[in-house]
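Enquirer: 186 is the number that numbering that gives the first Met the number 0 gives to position 187 of the sequence shown; each next residue is one higher, with no gaps.
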Amino acid sequence: MKTKRCTRCKIIKPIDSFYKNNKSKDGKYCQCKQCCSEKSKEKYYSDVGSARAKIRKYYYAHREENVKRVMEWSKKNPKKHNAYIDAWHKKHREKGLRASKKWRQNNKDKEREKTRRWRAANPEKVRLQVENRRARKLGAGHVSSKQWREVLEKYGDVCLCCGNADKPVTMDHIIPLSVGGKHHKDNLQPLCLSCNSSKHTKTIDYRPGGSNGKTEPPKTTFQNKRSNTEDQKDQEGN
0 MKTKRCTRCK IIKPIDSFYK NNKSKDGKYC QCKQCCSEKS KEKYYSDVGS ARAKIRKYYY
60 AHREENVKRV MEWSKKNPKK HNAYIDAWHK KHREKGLRAS KKWRQNNKDK EREKTRRWRA
120 ANPEKVRLQV ENRRARKLGA GHVSSKQWRE VLEKYGDVCL CCGNADKPVT MDHIIPLSVG
180 GKHHKDNLQP LCLSCNSSKH TKTIDYRPGG SNGKTEPPKT TFQNKRSNTE DQKDQEGN
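(1) Indicate the three-state DSSP secondary structure (helix, strand or coil) for K38 in the structure shown.
(2) Identify which residue in H199, S193 and I173 has its Cα closest to the Cα of R206.
(3) Taking just the CA atoms, how far does N105 sit from W147?
(4) Let me check one thing: in DSSP terms, what residues is P189 bridge-paired to?
(5) Name the one or two DSSP bridge partners that C31 has.
(6) Look at the alpha carbon of R126 and the alpha carbon of K136, and state the distance between them as a whole number of angstroms.
(7) To the nearest angstrom, report how far apart F17 and D85 are at their CA atoms.
(8) Just the C-alpha distance for K113 and T6, rounded to the nearest angstrom, thanks.
(9) Closest to G209 by C-alpha separation, out of N81, L159 and D165, would be which residue?
(10) According to the Cβ coordinates, are E130 and M170 closer than 7 Å?
(11) Among N20, C34 and N21, whose alpha-carbon lies nearest the alpha-carbon of I11?
(12) What distance in whole Å lies between the Cβ atoms of P189 and V150, which are believed to be in contact at a cut-off of 8 Å?
(13) In the DSSP assignment, the alpha helix (DSSP H) including K89 goes from what residue to what residue?
(14) Should T200 and S177 be called a contact, given that it needs their Cβ atoms to be closer than 7 Å?
(15) Which stretch, first to last residue, makes up the alpha helix (DSSP H) that contains N124?
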């Protein structure tokens, strides 16, 4: 294995420990990688303001190339990119909020279009935001999208009142917020829009064993049709 002595630390190291340098006879830099790194840090911290100014000047002079390189890296390493962004926002929360606010003020049309697309693609999250905002004004609590999804999965994502699986469900508070109910997953039940409107401000628990007197979940539309067909067959057989 080829070796070389570093002119800074005076230690003999493998040739791979040195950066390439086409101008030297052996094609390697005279100082090892570790010493080069330490030297760069010393130079940077000795005059941070000047060093940052040079970095900033270089960045803006080659901005398109840098942005393209970063975008390509982000696409190839999405997990690392997201982890870096999350860590940066946690460390510089106030700075990030100010930058986001400034961008929104300077790009109102883009922000409106971005919001419109997001709302169209996430109607369930939009409804949850509305409910959380309403509950926050009343001091009734908060429900995350994960908690609401758990409620929907628990009851089969169907209306607990009519059992119609074809209708989209909405969030209903068993004890309405207007009469002091809490915005908590234990006070939620999925109802279709018509059943939710019919319930209005009444306190009715449509969950199995609730105050409406049911001891099992309501049948879906498919189950109702199937049971009706079976009843007809029984009557024809009699």
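Glycine included, C-beta positions come from ideal geometry on N, C-alpha and C.
Expert: According to the structure data:
(1) helix
(2) I173
(3) 35 Å
(4) M170
(5) F17
(6) 16 Å
(7) 35 Å
(8) 56 Å
(9) L159
(10) yes
(11) C34
(12) 7 Å
(13) P77 to K90
(14) yes
(15) Position check: residue 124 holds Lys in this sequence, whereas Asn was assumed. Segment P122 to L137, the alpha helix (DSSP H) holding K124.
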